[in-house]
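So the protein sequences, as listed, match chains A and B.
Here the first sequence stands for residues 291 to 543, where the numbers follow the numbering used here.
Here the second sequence stands for residues 291 to 543, where the numbers follow the numbering used here.
Even for Gly, the Cβ is constructed at its ideal location relative to N, Cα and C.
Working notes, beginning with the structure itself.
2 protein chains.
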Amino acid sequence: MATGRTHRPATRSRGIPEATVARLPLYLRALTALSERSVPTVSSEELAAAAGVNSAKLRKDFSYLGSYGTRGVGYDVEYLVYQISRELGLTQDWPVVIVGIGNLGAALANYGGFASRGFRVAALIDADPAMAGKPVAGIPVQHTDDLEKIIKDNGVSIGVIATPAGAAQQVCDRLVAAGVTSILNFAPTVLAVPDGVDVRKVDLSIELQILAFHEQRKAGEEAEALIEAEAEAAAAKETRKGPDGDVPAVMPA
Amino acid sequence: MATGRTHRPATRSRGIPEATVARLPLYLRALTALSERSVPTVSSEELAAAAGVNSAKLRKDFSYLGSYGTRGVGYDVEYLVYQISRELGLTQDWPVVIVGIGNLGAALANYGGFASRGFRVAALIDADPAMAGKPVAGIPVQHTDDLEKIIKDNGVSIGVIATPAGAAQQVCDRLVAAGVTSILNFAPTVLAVPDGVDVRKVDLSIELQILAFHEQRKAGEEAEALIEAEAEAAAAKETRKGPDGDVPAVMPA
DNA sequence: AGATGTGAATGGCTTCACAGCT
DNA sequence: AGCTGTGAAGCCATTCACATCT
Numbered sequence: 291m292a293t294g295r296t297h298r299p300a301t302r303s304r305g306i307p308e309a310t311v312a313r314l315p316l317y318l319r320a321l322t323a324l325s326e327r328s329v330p331t332v333s334s335e336e337l338a339a340a341a342g343v344n345s346a347k348l349r350k351d352f353s354y355l356g357s358y359g360t361r362g363v364g365y366d367v368e369y370l371v372y373q374i375s376r377e378l379g380l381t382q383d384w385p386v387v388i389v390g391i392g393n394l395g396a397a398l399a400n401y402g403g404f405a406s407r408g409f410r411v412a413a414l415i416d417a418d419p420a421m422a423g424k425p426v427a428g429i430p431v432q433h434t435d436d437l438e439k440i441i442k443d444n445g446v447s448i449g450v451i452a453t454p455a456g457a458a459q460q461v462c463d464r465l466v467a468a469g470v471t472s473i474l475n476f477a478p479t480v481l482a483v484p485d486g487v488d489v490r491k492v493d494l495s496i497e498l499q500i501l502a503f504h505e506q507r508k509a510g511e512e513a514e515a516l517i518e519a520e521a522e523a524a525a526a527k528e529t530r531k532g533p534d535g536d537v538p539a540v541m542p543a
Numbered sequence: 291m292a293t294g295r296t297h298r299p300a301t302r303s304r305g306i307p308e309a310t311v312a313r314l315p316l317y318l319r320a321l322t323a324l325s326e327r328s329v330p331t332v333s334s335e336e337l338a339a340a341a342g343v344n345s346a347k348l349r350k351d352f353s354y355l356g357s358y359g360t361r362g363v364g365y366d367v368e369y370l371v372y373q374i375s376r377e378l379g380l381t382q383d384w385p386v387v388i389v390g391i392g393n394l395g396a397a398l399a400n401y402g403g404f405a406s407r408g409f410r411v412a413a414l415i416d417a418d419p420a421m422a423g424k425p426v427a428g429i430p431v432q433h434t435d436d437l438e439k440i441i442k443d444n445g446v447s448i449g450v451i452a453t454p455a456g457a458a459q460q461v462c463d464r465l466v467a468a469g470v471t472s473i474l475n476f477a478p479t480v481l482a483v484p485d486g487v488d489v490r491k492v493d494l495s496i497e498l499q500i501l502a503f504h505e506q507r508k509a510g511e512e513a514e515a516l517i518e519a520e521a522e523a524a525a526a527k528e529t530r531k532g533p534d535g536d537v538p539a540v541m542p543a
């Protein structure tokens, strides 16, 4: 096929949808649990339930990887574990550095889930000279001054930023300049990076805010059933036309 | 018009897309920063850049909230901060409990981003009797035995689970039974909850795995330019037909 | 002139439903 | 008989492009 060079010609082969990639770790986790219980095969229905998705989605996801199941039977657990691990790149070792060893950085350093999945905490880095040399999770903290050398000596391509917001962009720039091309950002800031560098962010406060939104809605809907009026004239259609203007977005429950 | 009770009659009013809700906290953060610098107004272009999205998306997002801008000028920063806060439900106080005060739980308790956004850590709960009474982030840790009472006394509707995976479902069940209807889960498990309860999960290891996938692809693409062969026959089309079987996940571009 | 607000077009993801294989 | 793999349909989100307002 040697699919030429034109506009990414529907190659498919490598075209695994981002949404699917994001679920592969979920499947992998569920499969690992089955594997530990020595379950030999699993149906899409069962595995989907364990991973918290529906079975059609799971089958579609797997179809992007190839035909790894057996009709009438299901999927071979060990085989799937291997295929998904390989697809995710977990059959190789990924040295990771964590920058910013405060509460969160320490929590990350101690987090067991990394080591078990091909990730290795290669170094801990902090700007506070007082921390230098102190071991956290058995690994001595090193000073930010040596960041570039640490990255290069360890062949690190994935960096975790757990610094305060103010320091994040600067740390990010240095990581990228030193050769890091994937960053997991815990600082509440938008990071600017050059093309070719991936950033994923985890923001605790954002997650809570999303929950608050839905929580507020629940309170509102409860009230709705009792009141059933008021929303009518809703009023003020002229000047400012927010969907419910000044009406308290919350109602006595 | 007292829109009866029929199939949610295209109400729109409350129909803010989930994707938009997930971005509101991002806009809010950017706006808060502008507000602190006393910037009075901002254009969709500027604000979008600060939030790391494109301006068309931002305008569309805001259009679901109402018409809060001024054509030819932009958005009033203070006014927007208020409107988004209200929409997200941040104008009220949300007492939160954190269950599982290990490294991560402690990091969360210490995280400043909560308090600043309407969230208040009402209690810390841990199963270890040795921790009971010990203050973390200035708040005394309480024992799991009292979980139900703590929830009820404080009117908590949002719970954060930072326990080991094995304990998470059990903690979740108790939280829900006690009246919690929104859960932020840091344990690497799929939680089963009844309808009406929202769960959001944060899984550090999953984020890293997604990065590893892309990282692996980058390595592949680099090689791609140099090799340009081999992937052709790709072979083994018969027995197992994974898109590229054992061939290194690389393709001539 | 300049920037918002929004229909229309596009693209991606999910769900359905069933053909096809074991 | 049972379960996978997948076209087709439907749904949601993003992007475009411009009418509309200040």
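At 7 Å on the CB atoms, spell out the chain A contacts of residue i, in chain order.
i       : result
I441(B) : Chain A residues near I441(B): none, gap ~14 Å exceeds 7 Å.
Going along chain A, which residues have a C-beta under 9 Å from residue i?
i       : result
K508(B) : S447, T471, S472, G486, D488
F404(B) : L494, S495, L498
Does any C-beta atom of chain B lie closer than 7 Å to the C-beta of residue i?
i       : result
G379(A) : yes
G364(A) : no
A312(A) : yes
L501(A) : yes
N475(A) : no
Y372(A) : no
R410(A) : no
Name, please, each residue of chain B whose Cβ falls closer than 8 Å to the Cβ of residue i.
i       : result
A397(A) : G392, N393, L394, A396, A397
P315(A) : D493, S495, I496, Q499, I500
Do we get a CB-CB distance below 7 Å when we pair residue i with the residues of chain A?
i       : result
R407(B) : yes
H504(B) : yes
V332(B) : no
N444(B) : no
Y369(B) : no
G305(B) : no
List the whole-angstrom C-beta distance separating residue i from residue j, where the pair is believed to meet the contact cut-off of C-beta under 8 Å.
i       : j       : result
A399(A) : V411(A) : 6 Å
S495(B) : F404(A) : 6 Å
V387(A) : V446(A) : 5 Å
V367(B) : P315(B) : About 16 Å separates the two Cβ atoms, so there is no contact after all.
L394(A) : L501(B) : 18 Å between Cβ atoms; not a contact.
I415(B) : L437(B) : 6 Å
D351(B) : R313(B) : 6 Å
V480(A) : G342(B) : 4 Å
Assign residue i to one of two classes, buried (16 or more other C-beta atoms within 10 Å of its C-beta) or exposed (fewer than that).
i       : result
Q506(A) : buried
Y470(A) : In the sequence under discussion, the amino acid at residue 470(A) is Val, which differs from the Tyr named in the question. Per the 10 Å Cβ criterion, buried.
A396(B) : buried
T453(A) : buried
Q432(A) : buried
E377(B) : buried
P484(B) : exposed
A497(B) : Inspection of the sequence shows that residue 497(B) is occupied by Glu rather than by Ala. Buried, since its Cβ has 16 or more Cβ neighbours within 10 Å.
T434(A) : buried
D383(B) : exposed
T546(A) : The requested residue 546(A) does not occur in the structure, where chain A is confined to residues 291 to 543.
A467(A) : exposed
N344(B) : exposed
T381(A) : exposed
G486(A) : exposed
P307(A) : exposed
G428(B) : exposed
R272(A) : A query on residue 272(A) cannot be resolved here, the shown segment of chain A reaching from 291 to 543 and no further.
S357(B) : exposed
S328(A) : exposed
D443(B) : exposed
V363(B) : exposed
List, in chain order, every chain B residue whose beta-carbon is nearer than 7 Å to that of residue i.
i       : result
G342(A) : V480
Is the closest heavy atom of the ligand ATP to the C-beta of residue i under 6 Å?
i       : result
V386(B) : Here there are no bound small molecules, and the ligand ATP is not part of this structure.
So which residues of chain B does residue i contact, with C-beta pairs closer than 9 Å?
i       : result
L321(A) : In chain order: nothing, as chain B lies at least about 13 Å away.
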